[in-house]
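Novice: I'd like to ask you about the structure that follows.
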Amino acid sequence: MLHLRLVYPGPGSTVQFMENKARILVIDDDLRLRSLVESHLKGYGFVVQGMGDGRQIEASLAENPVDLIILDLGLPHEDGLQICRRLRQQHDVPILMLTARGDEVDRILGLEMGADDYLAKPFHPRELVARIQAILRRVRGSAPRTSGVTASFEKGPFRVDMSRQEIHLHDQLISLTSAEFLTLATLIQHEGQALTREKLMWLTRGRQLEADDRSIDMQISRLRRLLDKGPGRPRHIRTVWGHGYLFVAEP
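Here the UniProt record's numbering is used: the first residue of the sequence shown is 1, the next is one more, and so on.
Written out as structure tokens, the structure is:
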């Protein structure tokens, strides 16, 4: 059980209110926890609605679109992973998954299914708000990673459209989740420069890399499969031991 103490931002707080009231959908079967999360987020200016499971999520989104979904993994009827996979077939709304601490396999699967980020329980309420705001900044194009970057740019056969969040390789659109887009776009932008996992985490998510966080590695692994389409030495995203990942547009 996660215990939350409702602490609202005071003078000097690094957590800011969103300029535009973002709409958040919280899906968790724990009514007490869900109510606390909803109350806390409303205190930061978010517009929040809650659901106990995902059975009516499509109908809910059709009637009341949201800017972000907080999705618990351990739901009745259909778990969070199945819901995430189903949503990604029709929607590109950002998803923040709540997982039990230590469930690395679930975290990895969640990211592979298309979740944008995850937060392990128990967590501090302000960390939840910070993660939400970081995701929304990325989606709205104001994350630190976009500083000084034009709306679109090309590197060899790769064409990146930041405003539409699309990447083409040889004029073919690459199917990417929003998190994968951010990682690949950042690598392309820094072509020829090795980026550590820590640097990639900061550039794409605006936060520090946690000790047990393998999300960057998992995204790199999937991106390699998408770009190389076969076994063998990675052509475009290479590992430079001790320095990080290096993007090569034209091997």
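Where a beta carbon is used, it is the ideal one built from N, C-alpha and C, also for glycine.
Keep in mind it's a predicted model, so treat the numbers as computed, not measured.
Could you compute how far the alpha carbon of Leu227 sits from the alpha carbon of Ile220?
Specialist: As a working note, residue 227 is residue 227 in the sequence shown. As a working note, residue 220 is residue 220 in the sequence shown. Cα to Cα, the separation comes out at about 10 Å.
Novice: Under 8 Å, with one C-beta from each stretch per pair, do the segment 166-186 and the segment 73-86 reach the 3-pair mark?
Specialist: no
Novice: Suppose the cutoff is 7 Å on Cβ atoms and the five residues either side in sequence are ignored; what does the same chain contact list for Pro234 look like?
Specialist: Here residue 234 is taken as the residue at index 234 of the sequence shown, counted from 1. Here the set comprises Arg224 and Asp228.
Novice: In whole angstroms, what separates the C-alpha of Arg140 from that of Asp116?
Specialist: In the sequence shown, counting from the first residue as 1, residue 140 sits at position 140. In the sequence shown, counting from the first residue as 1, residue 116 sits at position 116. Those two C-alpha atoms are separated by around 14 Å.
Novice: Taking its Cβ as the centre, do 16 or more other Cβ atoms sit within 10 Å of Glu210, making it buried, or is it exposed?
Specialist: Mapped onto the sequence shown, residue 210 falls at position 210. By the neighbour-count rule (16 or more Cβ atoms within 10 Å), Glu210 is not buried but exposed.
Novice: I need the DSSP call for Glu63, collapsed to helix, strand or coil.
Specialist: Here residue 63 refers to the residue found at position 63 of the sequence shown. DSSP places Glu63 in helix when its eight states are reduced to three.
Novice: Check whether the Cβ of Ala130 lies closer than 8 Å to any Cβ atom in chain D.
Specialist: Absence of chain D from the displayed structure is noted, only one protein chain being present.
Novice: Which of the three DSSP states is assigned to Ser175 in this structure?
Specialist: Start at 1 with the first residue of the sequence shown, and residue 175 comes out as number 175. Correct three-state label for Ser175: coil.
Novice: What are the residues that DSSP puts in a beta bridge with Val47?
Specialist: Against the sequence shown, residue 47 aligns to sequence position 47. Answer is Arg23.
Novice: Can we say the segment 35-47 touches the segment 84-95, given the rule of at least three CB pairs closer than 8 Å?
Specialist: no
Novice: Helix, strand or coil: how does DSSP classify Ser221 here?
Specialist: On the sequence shown, residue 221 is found 221 positions in, with the first residue counted as 1. Reduced to three states, the DSSP call for Ser221 is helix.
Novice: DSSP state of Ser163, grouped into three classes?
Specialist: Stepping through the sequence shown from its first residue, residue 163 is reached at position 163. In this structure, Ser163 counts as coil in the three-state DSSP scheme.
Novice: With burial defined as no fewer than 16 other Cβ atoms inside 10 Å of the residue's Cβ, what is the status of Leu173: buried or exposed?
Specialist: Within the sequence shown, residue 173 is the residue found at index 173, counting from 1. Leu173 comes out exposed.
Novice: With distances taken between CB atoms, is the gap from Leu136 to Leu98 smaller than 8 Å?
Specialist: The residue labelled residue 136 in the question sits at position 136 within the sequence shown. The residue labelled residue 98 in the question sits at position 98 within the sequence shown. No, the Cβ-Cβ distance between Leu136 and Leu98 is not below 8 Å.
Novice: Out of curiosity, what's the CA-to-CA distance linking Val105 and Leu36?
Specialist: Within the sequence shown, the letter at position 105 stands for residue 105. Within the sequence shown, the letter at position 36 stands for residue 36. Cα to Cα, the separation comes out at about 27 Å.
Novice: Sort out for me which residues DSSP pairs Phe247 with in a bridge.
Specialist: Sequence index remark: in the sequence shown, residue 247 carries index 247 (1-based). BP columns for Phe247 point to Ile237.
Novice: In angstroms with no decimal places, state the Cα-to-Cα distance between Leu96 and Leu25.
Specialist: The residue labelled residue 96 in the question sits at position 96 within the sequence shown. The residue labelled residue 25 in the question sits at position 25 within the sequence shown. Those two C-alpha atoms are separated by around 10 Å.
Novice: Checking the sheet assignment: what are the DSSP bridge partners for Ala120?
Specialist: Within the sequence shown, numbered from 1, the residue matching residue 120 stands at position 120. Ala120 is bridged by DSSP to Thr99.
Novice: Could you tell me the alpha carbon to alpha carbon distance between Thr186 and Thr204, rounded to whole angstroms?
Specialist: Numbered from its first residue, the sequence shown carries residue 186 at position 186. Numbered from its first residue, the sequence shown carries residue 204 at position 204. Going from the Cα of Thr186 to the Cα of Thr204 covers about 7 Å.
Novice: Report the start-end ranges of each alpha helix (DSSP H) in the segment 181-206 that is 4 residues or longer and not cut off at the edges.
Specialist: 197-205
Novice: Of the residues Asp92, Gln133 and Ala134, which one's Cα is nearest the Cα of Glu114?
Specialist: For the purposes of this step, residue 114 is taken as residue 114 along the sequence shown, with counting starting at 1. The sequence shown places Gly at residue 114, not Glu. The option with the nearest alpha carbon to Gly114 is Asp92.
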